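**Student:** Residue numbers (the numbering used here), protein chains in the order written: chain A, 1 to 154; chain B, 1001 to 1154; chain C, 2001 to 2154. The structure's right below; bear with me while I get my questions together.
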């Protein structure tokens, strides 16, 4: 039986949700770029203070911390702390042949949790809201690897 | 022959060790949360200074760097620099059909190295101890991808 | 049909490029170590100021930010924002059975983009050069997951 294959509906759920989550990570990088360009601030490399197409009016203050730009970097870091773990956990989860409905609930649930976390973080909602969605995503990944360990070891 | 499948003992070793390492990454996030709550410090977002269930006595000093909390974030960063690479390297390693004993030595060795690194970092051991376990984990991943390249290209 | 398998030429392209990219991530860690040792600076943990084999002349200034060392950490962070996403996107891409030439162009293109990005970053080239290679790598990953979504959903 080949589970890691298009044709296995659980793998298809994984492929769709993993692709969306990869897209989320990549677009977060572009959000940082957009915010750097829009605010003309939040640069991190001394050589970026050179005059050029991207930086038309360089000044040393551009290397100072900008919450507007750094927020996108913090969101990115939070993605990196959660999404690669989901990508691996999801693949392992497919390999232990779970029920389709369970895979759908967990994987689409993770996508929902991370998009809601993004929205709460970007709009500076209070800690409790952001933490709720972080917790949801985190518990889903923890459940998935627990399920994998249980399946393989029992 | 389908190697990426429960039933292949090498894949099972990978599934167990990868699941443990994903769990390690996720729990590091919760260690940061625990340390923020316990010390009431080490916050990184201005909006977290609002009064709420999580933050009952907000004050601006909570945004200052706290080594206690930041240590957990540095440990997390070190995880992110090593564990996703292991997760990918391990899957590729399974795909080139290595000897079971070799997969066991390398994969359980990596888990051991990272848990020992965690313990040394959390308890602030001298650099030499932390560096030893970092090196062990890093060399295992480097060996695995070298083995993969050799198998595929030769 | 088992696509995630040595013997499928597209999977072999993935295995080679993914292994190279894992190696890139791991070696970036060693570049940071090398730069810390060479410059005797850029440490991040208070306990590393203890006298020992690695640190023979400790002084508090070693904990200050060093652009020489931090540059390698920033390069590492940029890797983590791109390479794990590529590793997952590439595997999903293999699973939707793309044309071999397309996989070769995209995957070797990504490796080229990241090595060129590394060279531009390490030698402090102007923003425009670094940004060009970042963009190339980013668009390749975004294309791959778009292709996966299109294949699975259509």
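The beta-carbon is built from N, C-alpha and C at its ideal position, and this holds for glycine as well. Only a predicted model underlies this, so the values are computations on that prediction, with no experimental measurement involved.
Reducing DSSP to helix, strand and coil, say where residue 87/A ends up.
**Tutor:** Indexing the first chain from 1 puts residue 87/A at position 87. Residue state, collapsed to three classes: helix.
**Student:** Excluding the five sequence neighbours on either side, which residues of its own chain have a C-beta within less than 8 Å of the C-beta of residue 41/A, listed in chain order?
**Tutor:** Within the first chain, the letter at position 41 stands for residue 41/A. Around residue 41/A: 61, 62, 64, 66, 68, 69.
**Student:** Can you give, in chain order, each stretch of the alpha helix (DSSP H) that sits fully within the region 1062-1138 of chain B and has at least 4 residues?
**Tutor:** 1067-1095, 1100-1122
**Student:** Kindly indicate if chain C contains any beta-carbon less than 8 Å away from that of residue 1009/B.
**Tutor:** Against the second chain, residue 1009/B aligns to sequence position 9. Between residue 1009/B and chain C, the shortest Cβ-Cβ separation is not below 8 Å.
**Student:** Would you list, in chain order, the members of the region 1047-1066 of chain B that have their beta-carbon closer than 7 Å to a beta-carbon of chain A?
**Tutor:** The region 1047-1066 of chain B vs chain A, Cβ under 7 Å: 1047, 1048, 1050, 1052, 1053, 1054, 1055.
**Student:** If we define contact as Cβ-Cβ less than 8 Å, is residue 2012/C a contact residue for chain B?
**Tutor:** The residue you call residue 2012/C lines up with position 12 of the third chain. Closer than 8 Å to some Cβ of chain B, the Cβ of residue 2012/C qualifies, so yes.
**Student:** Are the region 1049-1060 of chain B and the region 2036-2056 of chain C in contact at 8 Å, needing three or more beta carbon pairs?
**Tutor:** no
**Student:** Drop a sphere of 10 angstroms on the beta-carbon of residue 1153/B, count the other beta-carbons inside from all chains shown, and report buried for 16 or more, exposed for fewer.
**Tutor:** Position 153 of the second chain, counted from the start, is the residue given in the question as residue 1153/B. Classification for residue 1153/B: exposed.
**Student:** Does any residue of chain B bring its CB to less than 8 Å from the CB of residue 2040/C?
**Tutor:** What you label residue 2040/C is simply residue 40 of the third chain in a count that begins at 1. False, the Cβ-Cβ gap to chain B never drops below 8 Å.
**Student:** Following the continuous alpha helix (DSSP H) through residue 2041/C, name the residue where it begins and the one where it ends.
**Tutor:** By 1-based counting over the third chain, the position of residue 2041/C is 41. Counting along the chain, residue 2041/C sits inside no alpha helix (DSSP H), nor does DSSP assign it H or E at all.
**Student:** Quick check: what's the CA-CA separation for residue 1082/B versus residue 1125/B?
**Tutor:** To locate residue 1082/B, count along the second chain from 1; it is residue 82. To locate residue 1125/B, count along the second chain from 1; it is residue 125. Distance between the alpha carbons of residue 1082/B and residue 1125/B is about 20 Å.
**Student:** On the criterion of 16 or more Cβ atoms from any shown chain inside 10 Å, does residue 2010/C qualify as buried, or is it exposed?
**Tutor:** Position 10 of the third chain, counted from the first residue, corresponds to residue 2010/C. So residue 2010/C counts as buried.
**Student:** Just mark residue 1100/B as buried or exposed, buried being the case when its beta carbon has 16 or more other beta carbons within 10 Å.
**Tutor:** Position 100 of the second chain, counted from the start, is the residue given in the question as residue 1100/B. With fewer than 16 other Cβ atoms within 10 Å, it is exposed.
**Student:** Flag this pair as touching only if the region 1108-1118 of chain B and the region 1003-1019 of chain B have three or more C-beta atom pairs under 8 Å; answer yes or no.
**Tutor:** These segments touch.
**Student:** So with Cβ pairs under 8 Å, would you call residue 2076/C a contact of chain A?
**Tutor:** In the third chain, residue 2076/C corresponds to position 76, counting from 1. No, residue 2076/C lies away from the interface with chain A (no Cβ there is under 8 Å from its Cβ).
**Student:** Going by Cα to Cα distance, which pick from 2145/C, 2134/C, 2095/C, 2122/C is closest to residue 2008/C?
**Tutor:** Taking the third chain and counting its residues from 1, one reaches residue 2008/C at position 8. Per the Cα distances, 2095/C.
**Student:** Please determine, among 1140/B, 1145/B, 1028/B, 1127/B, the residue with the shortest C-alpha to C-alpha distance to residue 2047/C.
**Tutor:** For the purposes of this step, residue 2047/C is taken as the residue at position 47 of the third chain. Residue 2047/C has its Cα closest to that of 1127/B, out of 1140/B, 1145/B, 1028/B, 1127/B.
**Student:** Indicate the three-state DSSP secondary structure (helix, strand or coil) for residue 2054/C in the structure shown.
**Tutor:** The residue you call residue 2054/C lines up with position 54 of the third chain. Here residue 2054/C sits in coil by DSSP.
**Student:** Output yes if chain A places a C-beta closer than 8 Å to the C-beta of residue 1044/B; else output no.
**Tutor:** To locate residue 1044/B, count along the second chain from 1; it is residue 44. Judged by the 8 Å Cβ criterion, residue 1044/B is in contact with chain A.
**Student:** Between residue 2151/C and the ligand NAP, is the CB less than 7 Å from at least one heavy atom?
**Tutor:** The ligand NAP is not part of this structure, which contains no ligands at all.
**Student:** Taking only the alpha-carbon atoms, compute the straight-line gap between residue 118/A and residue 26/A and give it to the nearest angstrom.
**Tutor:** Taking the first chain and counting its residues from 1, the one referred to as residue 118/A is at position 118. Taking the first chain and counting its residues from 1, the one referred to as residue 26/A is at position 26. Cα to Cα, residue 118/A sits roughly 13 Å from residue 26/A.
**Student:** How would you label residue 1088/B, buried or exposed, when you count the other beta carbons within 10 angstroms and need 16 or more for buried?
**Tutor:** Working through the second chain from its first residue, we reach residue 1088/B at position 88. The residue in question, residue 1088/B, is buried, as its Cβ has 16 or more Cβ neighbours within 10 Å.
**Student:** Could you check whether the Cβ of residue 1102/B sits closer than 8 Å to any Cβ belonging to chain C?
**Tutor:** Residue numbering aside, residue 1102/B sits at position 102 when the second chain is read from its first letter. Chain C contact via Cβ: absent.
**Student:** Within the same chain, show all residues whose beta-carbon is closer than 8 Å to that of residue 1059/B, passing over the 5 residues directly before and after it, in chain order.
**Tutor:** On the second chain, position 59 is the one that residue 1059/B refers to. Cβ within range, chain order: 1049.
**Student:** Taking C-beta pairs closer than 9 Å, name the residues in chain A that residue 2117/C reaches, listed in chain order.
**Tutor:** Here residue 2117/C corresponds to residue number 117 of the third chain, with the count starting at 1. In chain order: nothing, as chain A lies at least about 12 Å away.
**Student:** Would residue 1152/B count as contacting chain A if we go by Cβ distances under 8 Å?
**Tutor:** Within the second chain, residue 1152/B is the residue found at index 152, counting from 1. Chain A contact via Cβ: absent.
**Student:** Strictly under 8 Å for the Cβ-Cβ distance: is residue 1124/B near chain C by that measure?
**Tutor:** For the purposes of this step, residue 1124/B is taken as the residue at position 124 of the second chain. So yes, residue 1124/B belongs to the interface.
**Student:** Express the C-alpha separation of residue 2098/C and residue 131/A in angstroms, rounding to a whole number.
**Tutor:** Locating residue 131/A in the first chain gives position 131, counting from the first residue. Locating residue 2098/C in the third chain gives position 98, counting from the first residue. Residue 131/A and residue 2098/C: Cα-Cα distance of roughly 39 Å.
**Student:** Could you tell me the distance, in whole angstroms, from the CA atom of residue 45/A to the CA atom of residue 75/A?
**Tutor:** On the first chain, residue 45/A is found 45 positions in, with the first residue counted as 1. On the first chain, residue 75/A is found 75 positions in, with the first residue counted as 1. Cα to Cα, the separation comes out at about 20 Å.
**Student:** Using DSSP with H/G/I as helix, E/B as strand and the rest coil, what is residue 2153/C?
**Tutor:** Locating residue 2153/C in the third chain gives position 153, where the first residue counts as 1. It is helical.
**Student:** If we ignore side chains and look at the alpha-carbon of each, how far apart do residue 1003/B and residue 90/A end up?
**Tutor:** Counting from one through the second chain, the residue named residue 1003/B turns up at place 3. Counting from one through the first chain, the residue named residue 90/A turns up at place 90. Near 18 Å, if we compare the C-alpha coordinates of residue 90/A and residue 1003/B.
**Student:** Once you ignore the five residues that flank residue 2134/C on each side, which residues in its own chain have a CB closer than 7 Å to its CB?
**Tutor:** Numbered from 1 along the third chain, position 134 holds the residue referred to as residue 2134/C. Only 2117 meet the Cβ criterion.
**Student:** Could one say the Cβ of residue 2096/C lies closer than 8 Å to chain A's Cβ atoms, at least one of them?
**Tutor:** Working through the third chain from its first residue, we reach residue 2096/C at position 96. Yes - at least one Cβ of chain A is within 8 Å of the one on residue 2096/C.
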